[in-house]
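Quick note on this note's numbering: the sequence shown kicks off at 1420 and runs consecutively.
Even glycine gets a Cβ: it sits at the ideal position worked out from N, Cα and C.
Single-structure report; data block below.
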Amino acid sequence: MDPFDAALDLLRRLPPSSTQQNLNGIIALRPDLEEDLLSSVDVALTSKRCTKTGRDFLCCDYNRDDSSYRSPWSNEFEPPIEAEAAADLIPGGRIRRMEESLNAGVDVYRELYYEGGISSAYLWALEEGFAGVVLFKKTSSAGGSAGKGGWDSIHVLEVSEAAGKRSAHYKLTSTVILDLGLSSSTVDSLELAGNLTRQTESDLGLTHSGSRESDIEQSHVVNIGRMVEDMETRMRNLLQEVYFGKAKDVVGDLRSIQPLSEVGRERDAHKEVISKMGR
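Here is the structure:
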């Protein structure tokens, strides 16, 4: 079996909450797989503080060069890298302008929907169009010292502009990593962790006012923001309704609040109503 496929298969079978630790162990055993694994395995995001602006930013494989990470606020790598490498990895021109606008937008979104946490957005040029990633991270201990929670969103996007720049094709791949835990004398230790990935594509129009490139750039930022917001809402509802709803149903079947005989009668009555409506 191919070592890379074997490593991915192993990580899928191990606890999701320990993915980072297990990934580090596999890389220590097979350093030659490091680049491929880091670009293929989603792990909880880490953060650093931009020494130039004093603002926190998120680290991922898309703003990394070896052990250095580029800050979206200063557009510089920390720690600094060689000038030749930086020239190829640090965006400029329209890509940097869109990146700055996108970071401002997702920062407002983060405050509205997360009420805290950290957000970062990174863009880079492609031969045709551009690509990027939008990141969100929030950790919480709202349940006291015994409870913890972590939410990490990774939205990878690819944008292809049509001829004349009247419209663009957007491809968005989103991953949410959720990690919940509770430890107390009542329940001992309880942990729920995992990730959910969804993908969507869309063709959207661009505002075009003559030769004003700024209008097109702003249209890209607005379109990306709407797609990310819609995707996050869908995935949030999916986690709430499907996964937590299913867990609630299982617990209800094991130990109901009301007698299970009554629950059974209610289900039978519900089925009877549905069947009559079908007829």
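Just mark residue i as buried or exposed, buried being the case when its beta carbon has 16 or more other beta carbons within 10 Å.
i     : result
H1689 : exposed
S1560 : exposed
Roughly how many angstroms separate the alpha carbons of residue i and residue j, rounded to a whole number?
i     : j     : result
L1456 : Y1481 : 13 Å
H1588 : A1544 : 15 Å
Y1488 : L1554 : 14 Å
Y1528 : V1575 : 17 Å
K1584 : M1654 : 31 Å
P1435 : L1464 : 14 Å
C1469 : N1494 : 10 Å
T1616 : I1643 : 18 Å
What does DSSP give as the partner residue(s) for residue i in the beta ladder?
i     : result
Q1637 : In DSSP, Q1637 forms no bridge with anything.
E1610 : G1600
E1497 : Y1488
I1573 : L1554, T1594
Y1541 : V1552
C1479 : In DSSP, C1479 forms no bridge with anything.
H1588 : S1579, D1622
L1615 : V1595
Helix, strand or coil: which one does DSSP assign to residue i?
i     : result
S1680 : helix
R1489 : strand
V1525 : helix
A1581 : coil
A1425 : helix
T1470 : coil
T1626 : coil
S1709 : Because the chain here runs from 1420 to 1698, residue 1709 falls outside it and cannot be looked at.
S1559 : strand
G1535 : coil
G1568 : strand
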